[in-house]
Every structure is written in C-alpha cells, then in structure tokens.
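Data first, discussion second: the structure below is written as structure tokens.
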Amino acid sequence: MTAKPSKHEPLPEPKRKLPMASQTPALARHPQDGWTFADPYPMSERYVRMFHAIITILCPPPPAPLTEDMVTRIERHVRGFMMYMHPLAARGLWLSFILLDWAPRLLFMSTKRVSQMERSQADRVLARFASSRWMPIRLLVVGIRGSVLSAYFDTDEVHQRLNYKPIAFMRQRIELRHDLLSESALAAQ
486 MTAKPSKHEP LPEPKRKLPM ASQTPALARH PQDGWTFADP YPMSERYVRM
536 FHAIITILCP PPPAPLTEDM VTRIERHVRG FMMYMHPLAA RGLWLSFILL
586 DWAPRLLFMS TKRVSQMERS QADRVLARFA SSRWMPIRLL VVGIRGSVLS
636 AYFDTDEVHQ RLNYKPIAFM RQRIELRHDL LSESALAAQ
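Below is the structure:
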C-alpha cells in the first residue's frame, strides 16, 4: 500500500511525455505532434495483394505519379480509415473490394479477376459496373473509388505534381474563422 502524498510534497513527474506540436512548423502537412494512426483494418496477405491491384487500376494512368510505395501508403490510409467506420460499414467496404475484384466473373466478361487483368480490360469492367442499372452497384463503385482516390490525391507526390499548396488556403480559412468569431463576439456584446 502506498502512502498518499502530503499537501506540501510536489507531485511526481509524469513518466511519459508526448512531443508537442510546437516542435513542427505551423500547418505542416505531416506534423510530428504525437498523433498516431489507427491500426490497419485486418486483411489477409491475399486480400492485401488484391487490394493493391485494385488501387493500381483505380488510380490515374501515367503520366500521373504512382509508385509501389504510394500504393502501399494508399492501402494503409484506406485500411486505417476503415477502422474509424462502423464495423458493418467497414466490412461492407471490404466485401465491396472483393466483389469488384470478382466482377468480371460475375458479369461473365472474363474468367480473370480484376486484379489479374490488364488496365484496359479492367477499365471496361469498371465502366460496366459504374453504368449498371442497379443503384447499389453504382454506389459500390463510387464508394470504392472515393476511398482510394481521396487517399491518392492526399499524397505529397500528387500535390507536388499538381502544384497544389494548401497552406495559404488553410491560413486564409483560419483568419476568416477568427474574423467571424470576433464579429459574433462583438455582436453579442
């Protein structure tokens, strides 16, 4: 049993200290502020390989930047994002990746899966899936494309290629927010 510290004794120093945000520049794209990413959504190696192939097919073709390292980061980003979803939604997205991979066989277009096809063949399968008469099938493609392409367009390589620098925009929005808050505070007085 430990004794309670008296009122005059200083509290012990914490054993763990997290890095502070002040160690990185303001509005840094990847600040070292102690934030940790979620563990990736669990998938077997087989499904990760299939997912990599689908990512490669969904991302824009050359001359757009796409390396194997980028594919791995996109996969990690999407799987981390899936951990924040409701478990049924995450499982549904996982199943939709599998369904998209098997789409050529389900649509009797090919004996190969999407992950085994050339890009031109896979694009035809995606176009057919995206133009389906059934809205749930079209939404399935939209969900998959949205999750993959949002991670793709958030990479530094794509930002550099597009000459996109969001820092000025973010500063402008922060200043606008401060102005709006100060105006509402003045109006309330």
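Going by the numbering used here, the sequence shown wraps up at 674, each residue one higher than the last.
Virtual Cβ for every residue (Gly too), placed ideally from N, Cα, C.
Considering only residues of the same chain and omitting the five flanking positions on each side of residue i, which have a CB-CB separation below 8 Å?
i      : result
Gly628 : Leu578, Ser581
Measuring alpha carbon to alpha carbon, tell me which residue in the options is nearest residue i.
i      : options                        : result
Met528 : Leu585, Glu498, Glu553, Gly565 : Gly565
Leu611 : Tyr526, Cys544, Arg534         : Cys544
Ile583 : Leu671, Phe638, Leu661, Gln601 : Gln601
Thr541 : Asp586, Pro495, Ser669         : Asp586
Ala547 : Leu624, Ala574, Arg646, Thr596 : A quick correction: the sequence has Pro, not Ala, at residue 547. When only C-alpha atoms are compared, the closest one is Arg646.
Arg609 : Arg623, Met620, Ile622, Met594 : Met594
Thr552 : Ile622, Ala588, Thr640         : Thr640
Asn648 : Arg656, Phe536, Phe638         : Phe638
For residue i versus residue j, is the C-beta distance shorter than 8 Å?
i      : j      : result
Val626 : Ile539 : no
Arg613 : Leu592 : yes
Pro550 : Glu642 : yes
Ala615 : Tyr569 : no
Ala575 : Tyr526 : yes
Identify whether residue i lies in helix, strand or coil by the three-state DSSP scheme.
i      : result
Arg658 : helix
Thr557 : helix
Phe522 : coil
Ala506 : Unreliable positioning characterises Ala506 in this predicted model, as indicated by a pLDDT of 47, which lies under 50. The coordinate reading is nonetheless provided below. Three-state result, Ala506: helix.
Ala612 : helix
Leu671 : helix
Tyr532 : helix
Tyr649 : coil
Leu663 : Residue identity differs from the one stated: residue 663 is His in this sequence, not Leu. It is helical.
Ser617 : coil
Excluding the 5 residues preceding and the 5 following residue i in the sequence, name in chain order all residues of the same chain whose CB lies nearer than 6 Å to its CB.
i      : result
His562 : Ala636
Between which residues of its own chain and residue i is the CB-CB distance below 7 Å, once the five residues before and five after are set aside?
i      : result
Arg630 : Leu543
Thr596 : Arg590
Inset, instruction - Tell me, please, whether the stretch 556-568 touches the stretch 587-605 by the rule of three or more beta-carbon pairs shorter than 8 Å. - result: When C-beta atoms of the stretch 556-568 are compared with those of the stretch 587-605, fewer than three pairs fall below 8 Å, so the two segments do not count as touching.
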